[in-house]
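A.B. asks: In our numbering, the protein residues as written are 14 to 215.
Even for Gly, the Cβ is constructed at its ideal location relative to N, Cα and C.
#1: How many angstroms separate the CA atom of residue 201 from the CA atom of residue 119?
#2: Compare the beta carbon distance of residue 129 and residue 106 with 8 angstroms and say whether it is the shorter of the two.
#3: If you measure between the beta carbons of residue 187 and residue 169, is that distance less than 8 angstroms?
#4: Quick check: the Cα distance between residue 55 and residue 89, rounded to an integer number of angstroms?
#5: By Cβ distance, which residues of its chain are closer than 6 angstroms to residue 52, with the 5 residues on each side in sequence left out?
#6: Nearest by alpha-carbon distance to residue 167: which of 194, 149, 152 and 142 is it?
#7: Could you tell me the distance, in whole angstroms, from the CA atom of residue 162 to the CA atom of residue 171?
#8: The alpha helix (DSSP H) spanning residue 64 covers which residue range?
#9: Check residue 73 in the structure and name its three-state DSSP category.
#10: According to the Cβ coordinates, are residue 67 and residue 91 closer than 8 angstroms?
#11: Go ahead and pull the three-state DSSP assignment for residue 130.
#12: Can you give me the C-alpha to C-alpha distance between residue 175 and residue 100, rounded to a whole angstrom?
#13: Look at the alpha carbon of residue 93 and the alpha carbon of residue 139, and state the distance between them as a whole number of angstroms.
#14: Checking 8 angstroms against the spacing of the C-beta atoms, do residue 39 and residue 79 come in under that value?
#15: As a quick exercise: from 154, 206 and 87, pick the residue whose alpha carbon is nearest that of residue 131.
#16: With which residues is residue 180 paired in a DSSP beta bridge?
#17: Roughly how many angstroms lie between the CA atoms of residue 50 and residue 178, to the nearest whole one?
#18: Sorted by chain position, which residues of the same chain lie with C-beta nearer than 8 angstroms to residue 76's C-beta, five sequence neighbours on each side aside?
#19: Using alpha carbons as the reference points, say which of 198, 173 and 71 lies closest to residue 153.
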């Protein structure tokens, strides 16, 4: 399957575009927080050379990189995702039209940011998992809550070594300081609606 054609053979009216400006986004946020490349490399457990290549647009970030960078720079992961067709100026921050969502695709997972406003502490996402696609196994240094609702298909959710099979209509909630990942064990795509939010500190 190509990026522009679905499994049914129909052409996607919004072809997936690779991220082209993420390097400038990383550099801009890093400098605004007075952080060095060395500091970011240490925080995301990557080499200085790799971070330098990301900033110069010479390397494409993996999903692991995006999640780690969002934590290292303390911005929503959606900050780095492409916006395909910006909407009308008067709708900015209020309405997010179909086809205008920030989007990223890698490893058989297509993720769209549905939130009209980023950086508010709450981020709404929609992910489509192709068969056998899985997220990276990870534990977040900055604790957040993730809540999800499986719209269709099946999804295996792993939390601290425990495996849960989700079917359409099932929901979940956990904090991201646990070791977690998920994968699609089925032959059909799985569609997940999920929300990340800041955890209030008592």
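C.D. replies: To lay it out plainly:
#1: Position 188 of the chain shown, counted from the first residue, corresponds to residue 201. Position 106 of the chain shown, counted from the first residue, corresponds to residue 119. The straight-line gap separating the alpha-carbon atoms of residue 201 and residue 119 is approximately 17 angstroms.
#2: Your numbering for residue 129 matches position 116 in the chain shown. Your numbering for residue 106 matches position 93 in the chain shown. Their beta carbons are under 8 angstroms apart, which means residue 129 touches residue 106 by this criterion.
#3: Numbered from its first residue, the chain shown carries residue 187 at position 174. Numbered from its first residue, the chain shown carries residue 169 at position 156. Contact flag unset, no.
#4: Here residue 55 corresponds to residue number 42 of the chain shown, with the count starting at 1. Here residue 89 corresponds to residue number 76 of the chain shown, with the count starting at 1. For the pair residue 55 and residue 89, the Cα-to-Cα distance works out to about 19 angstroms.
#5: Here residue 52 refers to the residue found at position 39 of the chain shown. If we look at residue 52 and ignore the five residues flanking it on each side, it has no Cβ neighbours.
#6: Position 154 of the chain shown, counted from the first residue, corresponds to residue 167. In terms of Cα proximity to residue 167, the closest of 194, 149, 152 and 142 is 142.
#7: Counting from 1 along the chain shown, the entry for residue 162 is found at position 149. Counting from 1 along the chain shown, the entry for residue 171 is found at position 158. Using only the alpha carbons, I get a separation of about 15 angstroms.
#8: The sequence position of residue 64 within the chain shown is 51, counting from 1. Annotation: the continuous alpha helix (DSSP H) that includes residue 64 extends over 61-68.
#9: The residue given as residue 73 occupies position 60 in the chain shown. Reduced to three states, the DSSP call for residue 73 is coil.
#10: Translated into positions along the chain shown, residue 67 becomes position 54. Translated into positions along the chain shown, residue 91 becomes position 78. The answer is no: Cβ separation not under 8 angstroms.
#11: Stepping through the chain shown from its first residue, residue 130 is reached at position 117. DSSP places residue 130 in coil when its eight states are reduced to three.
#12: Translated into positions along the chain shown, residue 175 becomes position 162. Translated into positions along the chain shown, residue 100 becomes position 87. Straight through space, the alpha carbons of residue 100 and residue 175 are spaced by roughly 42 angstroms.
#13: The count along the chain shown starts at 1 and reaches residue 93 at position 80. The count along the chain shown starts at 1 and reaches residue 139 at position 126. Spanning the alpha carbons of residue 93 and residue 139 requires a straight line of approximately 16 angstroms.
#14: As a first step, residue 39 must be located in the chain shown, where it is residue number 26. As a first step, residue 79 must be located in the chain shown, where it is residue number 66. Not closer than 8 angstroms, so no.
#15: Taking the first residue of the chain shown as 1, we reach residue 131 at position 118. Among 154, 206 and 87, the Cα nearest to that of residue 131 is on 87.
#16: To locate residue 180, count along the chain shown from 1; it is residue 167. According to DSSP, residue 180 shares a beta bridge with 167.
#17: Looking up residue 50 in the chain shown gives position 37. Looking up residue 178 in the chain shown gives position 165. Residue 50 and residue 178: Cα-Cα distance of roughly 40 angstroms.
#18: Working through the chain shown from its first residue, we reach residue 76 at position 63. Contacts found: 117, 119, 120, 122, 148 and 149.
#19: Numbered from its first residue, the chain shown carries residue 153 at position 140. Of the residues 198, 173 and 71, the one whose Cα lies closest to the Cα of residue 153 is 173.
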